[in-house]
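Protein chains in written order, with the numbering used here: chain A, 7 to 302; chain B, 7 to 302.
This report refers to the structure that appears directly beneath it.
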DNA sequence: TAAAAATACTCCATAGGTATTTTAT
DNA sequence: ATAAAATACCTATGGAGTATTTTTA
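Here it is as structure tokens:
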């Protein structure tokens, strides 16, 4: 097998055209270089050099191959360059997944400060449903993902980022719009609108409905939280909205639920084996402190 | 220093994603591959792989570097390919020098049959004055050169190709035009036209003039044998022409010289150390047999 | 004769093998 | 408990050094 060392010896010889001096330039003895070049000629099966005692000259093939060798050695140096610049974990790119019912409310809060803290880091944000995020995180397409706990995947580790309350969203002229808080019995007979299959928020809300003994409106399923909000405003029904997504408006009211008080917990997840451990820990801490200041 | 082997191990691992199986594919034991990969990571100073006991995954840097590695290995394979196709000495290219007073008369005789014998060989023919040819042959720009003997350069070896007589060229209405042969005393008072400085034919003719005690026309020096011939036809003077260049015509006569009977010897020269020894010997033999049939 | 490359021979570094341990699921 | 990678330790290949010979200009 051809070695990078062999190529370097050939390059040195092609430039210096003297075994002794080329060997010196390679920091080896003259016989060492002679031997390797000879071996290279044998493995390739072609004469690379014309030798006399007064001059060394490359054959045509030798020149062609030496040229190629230079290109190859340059590319190996490039690998070293890539490695050197990749050594700084706070540079390069990081791909973070986030599910759709959290993304538009969390990202505006955290991405601007994070970009400021890590100016050499490019944040790629991938908005997908939880199941896809877990898959992509597992097979390395993502470095990390914001997910609602629990996640049944023990190759992951996570930091809890924040705890988020669910509020009941009702139209401004709904009978419950003026309530200060809601209890289970207040919801009797209500028509709860939910998201389509696949959203973790749907599952969380559905579970809550079950506990509160109200049923889902089977005729409608929204594809986004924003659609859901518009349907509520239109008076089609009520829904559950996580606190971060509770954008105030005159046509809509958000009312806290008590007994049970529903919450979801958001964590930042990454592979235990991730090469970006340190960076991800730091990012998690930063996001936690940002969210603390939001007082959910 | 990074080895091609290291790169191959990394490539195998990037494709197979299993240390044991990748090692098997590289025909080494699993620890051998593990060690080398670990070393590569250490020398580069970056983590290339995420390891768990159930899965191997490349880091971003690992993927980038593995991609580069593939390109590099491909290029090394290309070197092997180049070597393989260069192994056939009867293929590729050969650069042969020839001086200008021989080229237009010799090449039409030898190149067609040689191209037929060596169909995979490209003949590059360089027409330069002898001194330049010797330089170019010395420093490898030429593989061989047709030169008039003797050549004072003992790093060269040569085969004698043919022996060529010089004839006296005179205008058809010159007083000597009807002579069967010429002796020294016949030339008394003649005006000999010669080529410009640098042509070996000039030196050969000049030396002959000296021996025959006739002098050169100082007012005119031709840049080519063809010009010289036209000057002779125009009646400006007489000249010496090598037999190969004696193209018949009604306006010109070529008369043999006797006592002394001038000749030049043409050889094919190449470096003793040339990698194309075998081919050049063969070519020399072919050219000799072609020229034998010309009966000079 | 002198300069340079090739040989001869020895030594050591390191790649590789086997057996075993650690690790993570 | 099991599969897989890492570690430990030994072996062997081959790359490198020194001394010497060969070559050739």
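Note that beta-carbon positions come from the ideal geometry of N, C-alpha and C, so glycine has one too.
With a 10 Å radius around its C-beta and 16 neighbouring C-beta atoms as the bar for buried, classify residue 62/B as buried or exposed. buried
Between residue 210/A and residue 154/A, which are expected to be in contact by the criterion C-beta below 8 Å, what is the C-beta distance as a whole number of angstroms? 7 Å
Nearest by alpha-carbon distance to residue 178/A: which of 230/A, 76/A, 227/A, 258/A is it? 258/A
Outcome for residue 15/A when other beta-carbon atoms lying within 10 angstroms are tallied against a minimum of 16: Per the 10 Å Cβ criterion, buried.
Would you call residue 130/A buried or exposed, if buried means 16 or more other Cβ atoms sit within 10 Å of its Cβ? exposed
Could you pull out every residue in the same chain whose Cβ sits closer than 6 Å to the Cβ of residue 188/A, ignoring the five residues on either side in sequence? 174, 261, 263
May I have the straight-line CA-CA distance separating residue 110/A from residue 164/A, to the nearest angstrom? 21 Å
Strictly below 8 Å CB to CB, what residues from chain B border residue 280/A? Within chain B, the residues placing a beta-carbon under 8 Å from that of residue 280/A are 56, ordered along the chain.
Taking just the CA atoms, how far does residue 227/A sit from residue 236/A? 13 Å
Please report whether the beta-carbon of residue 51/A lies at a distance below 7 Å from any beta-carbon of chain B. yes
Where does residue 40/B sit, in a helix, a strand or coil, going by DSSP? Helix.
Within 10 angstroms of its Cβ, does residue 12/A collect 16 or more other Cβ (buried), or is it exposed? buried
Given that residue 98/B touches chain A, what residues does it touch there, using C-beta distances under 9 Å? 66, 67
Label residue 265/B either buried or exposed according to how many other C-beta atoms from any shown protein chain fall within 10 Å of its C-beta, with 16 as the threshold for buried. Answer is exposed; the Cβ neighbour count stays below 16.
From the DSSP output, in three-state form, read off residue 66/B for me. helix
Taking the runs of the alpha helix (DSSP H) that are 4 residues or longer, which of them lie wholly in the segment 171 to 251 of chain A? 206 to 218, 231 to 239
Take residue 72/A as the anchor and find which of 162/B, 75/B, 81/B has the nearest alpha-carbon. 81/B
How long is the line joining the alpha carbons of residue 214/B and residue 199/B, rounded to whole angstroms? 13 Å
When the cut-off is 7 Å and only beta carbons count, does residue 31/B lie next to chain A? no
If you run the structure through DSSP and keep just helix, strand and coil, what is residue 146/A? coil
Residue nearest to residue 49/B in terms of C-alpha spacing, selected from 87/A, 56/A, 246/A: Comparing C-alpha distances from residue 49/B to each of 87/A, 56/A, 246/A shows the shortest one belongs to 87/A.
Residue 180/B, buried or exposed, once every other Cβ within 10 Å from all chains shown has been counted against 16: With 16 or more other CB atoms across the displayed protein chains lying within 10 angstroms of its CB, residue 180/B is buried.
Any C-beta of chain B within less than 8 Å: which residues of the segment 72 to 88 of chain A qualify? 74, 75, 77, 78, 81, 82, 84, 85, 86, 88
What does the Cβ neighbour count give for residue 203/A, buried or exposed, with the cut at 16 atoms within 10 Å? Flag for residue 203/A reads exposed.
Under the assumption that residue 285/A contacts residue 95/A (Cβ atoms under 8 Å), give the Cβ distance between them as a whole number of angstroms. 5 Å
Express the C-alpha separation of residue 67/B and residue 54/B in angstroms, rounding to a whole number. 6 Å
In terms of residue numbering, what span does the alpha helix (DSSP H) encompassing residue 128/B cover? In this chain, residue 128/B is not harboured by any alpha helix (DSSP H); it is covered by the beta strand (DSSP E) spanning 127 to 133.
Pick out whichever of 117/A, 120/A, 249/A, 100/A has its Cα sitting closest to the Cα of residue 172/A. 249/A
Burial state of residue 166/B, where buried means 16 or more other Cβ atoms lie within 10 Å: exposed
Please list the partners that residue 9/B has in chain A, where partner means a Cβ-to-Cβ separation under 7 Å. Chain A residues near residue 9/B: 9, 10.
Residue 161/A versus chain B: which residues are under 7 Å apart at the beta carbon? 58
DSSP on residue 118/A, reduced to helix/strand/coil? helix
List, in order along the chain, the chain B residues whose C-beta lies closer than 8 Å to that of residue 93/A? 51, 52
Mind checking which residues open and close the alpha helix (DSSP H) that includes residue 18/A? For residue 18/A, the enclosing alpha helix (DSSP H) begins and ends at 10 to 22.
For chain B, find out if any of its Cβ atoms is closer than 7 Å to the Cβ of residue 146/A; answer yes or no. Taking Cβ atoms only, chain B reaches closer than 7 Å to residue 146/A, which makes this a yes.
Cβ pair residue 293/A, residue 116/A closer than 7 Å: Yes, they are a contact pair.
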